[in-house]
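A.B. asks: Next up is a structure, given as structure tokens.
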Amino acid sequence: MSEERDLYRVARQRMVENQIKARGIKDERVLKAMLKVPRHLFVEEALRDQAYGDFPLPIGEGQTISQPYIVALMTEALELKGNERVLEIGTGSGYQTAILAELALWVYTIEKYPKILERAKKILTKLGYKNITFRLGDGSLGWPEAAPFDAIIVTAAAPQIPQPFIDQLAEGGRIVIPVGDEFSQVLMKGIKKGGILHTQTIEAVRFVKLVGAYGFKE
Ligand code: SAH
């Protein structure tokens, strides 16, 4: 594993410099996590050489691993300091999960496709992460038994911010979620203050659909 990691270290440094720092991401902890996590291990072998490119990649079932910059942008918006309990919807490749596990106390992650979840679980376990709880199911309902969360990150696009996420966010908590139609969305950040979610838009994005009770129909 360590030899493999070294092979891609320069690619990872370039990714952080040219795609992430250059576009204004400043949170040192986020930059450090992205320098550390071996992104190439979260894609299939045939795509490894493209893993540090400035684009999303397919991970099967019509789903994708997010572009590195988008991972950095969303993670920075969560303002993680290290003691948070984070809910992630859409485990996907598990790459974003690893970044969160580096930066927070505990990550609760939900994925709807069994095959995708198993793959993510396998690599995250192999990499030694012990602060992640996995769930198979409809993440649009959140995870009421583990709420409240200090941060919620949704890596699939929703028609609006699902009410369960607002309910399950702690006072002062942050949520980052792409909201729009199937084809284009805006990344929204919300902060819960006095029980009310105060939102702002970050930038235009394109994600795969969040399907489920509070998402799109399949
Ligand atoms: N952060 C991931 C992004 C994966 S794409 C990565 O970078 O690899 C979005 C993921 O959301 C897909 O794996 C898809 O299966 C999942 N998804 C879509 N709707 C969902 C739902 N209702 N509950 C849980 N996961 C969902």
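Residue 891 is where the sequence shown starts when you use my numbering, and the numbers rise one by one after that.
Cβ coordinates follow ideal geometry from the N, Cα and C atoms, glycine included.
1) CB-CB under 6 Å to Tyr-898, same chain, minus the five flanking residues each way: which ones, in chain order?
2) At 4 residues or longer, and completely inside the stretch 905–962: list those alpha helix (DSSP H) runs for me, N to C.
3) Mapping the DSSP letters down to three states, classify Lys-1016 as helix, strand or coil.
4) Under a three-way DSSP split, which group does Asp-1028 fall into?
5) If you check the beta carbons only, do Val-1076 and Thr-1089 fall under 8 Å apart?
6) What span of residues does the alpha helix (DSSP H) with Ile-1051 cover, start to end?
7) Could you tell me which of Glu-1093, Glu-951, Ala-912, Arg-1025 sits nearest to Thr-987, measuring between CA atoms?
8) Using a threshold of 8 Å, state whether the C-beta atoms of Ile-1065 and Leu-1059 are closer than that.
9) Going by alpha carbons, who is nearest to Ile-989 out of Asp-1028, Ala-1010, Asn-908?
10) Would you say Gly-982 touches the ligand SAH, meaning its beta carbon is less than 7 Å from a heavy atom?
11) Taking 7 Å as the cut-off, is the C-beta of Gln-1053 nearer than that to any heavy atom in the ligand SAH?
12) Excluding five sequence neighbours on each side, which residues of the same chain lie with their C-beta closer than 6 Å to the C-beta of Leu-993?
13) Starting from Gln-986, follow the alpha helix (DSSP H) in both directions and report where the run begins and ends.
14) What I want to know is whether the C-beta of Leu-1100 ends up closer than 7 Å to one or more non-hydrogen atoms of the ligand SAH.
15) Tell whether a beta-carbon distance below 8 Å holds between Pro-1054 and Tyr-1104.
16) Using three-state DSSP, classify Asp-1040 as helix, strand or coil.
17) Which residues share a DSSP beta bridge with Gln-1075?
18) Quick one: what does DSSP say Ala-1010 is sitting in, helix, strand or coil?
19) Kindly confirm or deny that the stretch 954–972 and the stretch 1031–1048 touch, where touching means at least three C-beta pairs closer than 8 Å.
20) Name the residue from Lys-926, Val-1069, Asp-1040 whose alpha carbon lies nearest to the alpha carbon of Pro-1052.
21) With Gly-982 and Ile-960 assumed to form a contact (beta carbons below 8 Å), what rounded beta-carbon distance in angstroms separates them?
22) Less than 7 Å between the CB of Lys-1150 and some heavy atom of the ligand SAH, yes or no?
23) Which partner residues of Thr-1089 appear in the DSSP bridge assignment?
C.D. replies: With the structure as the only source:
1) His-930
2) 918–926
3) helix
4) coil
5) no
6) From DSSP, Ile-1051 is part of no alpha helix (DSSP H); its letter is neither H nor E.
7) Arg-1025
8) yes
9) Ala-1010
10) yes
11) no
12) Arg-919, Ala-923, Leu-970
13) 985–993
14) yes
15) yes
16) strand
17) Gly-1070, Val-1095
18) helix
19) yes
20) Val-1069
21) About 12 Å; that fails the 8 Å criterion.
22) The first residue shown for the chain is 891 and the last is 1108, placing residue 1150 beyond what the model contains.
23) Gly-1080
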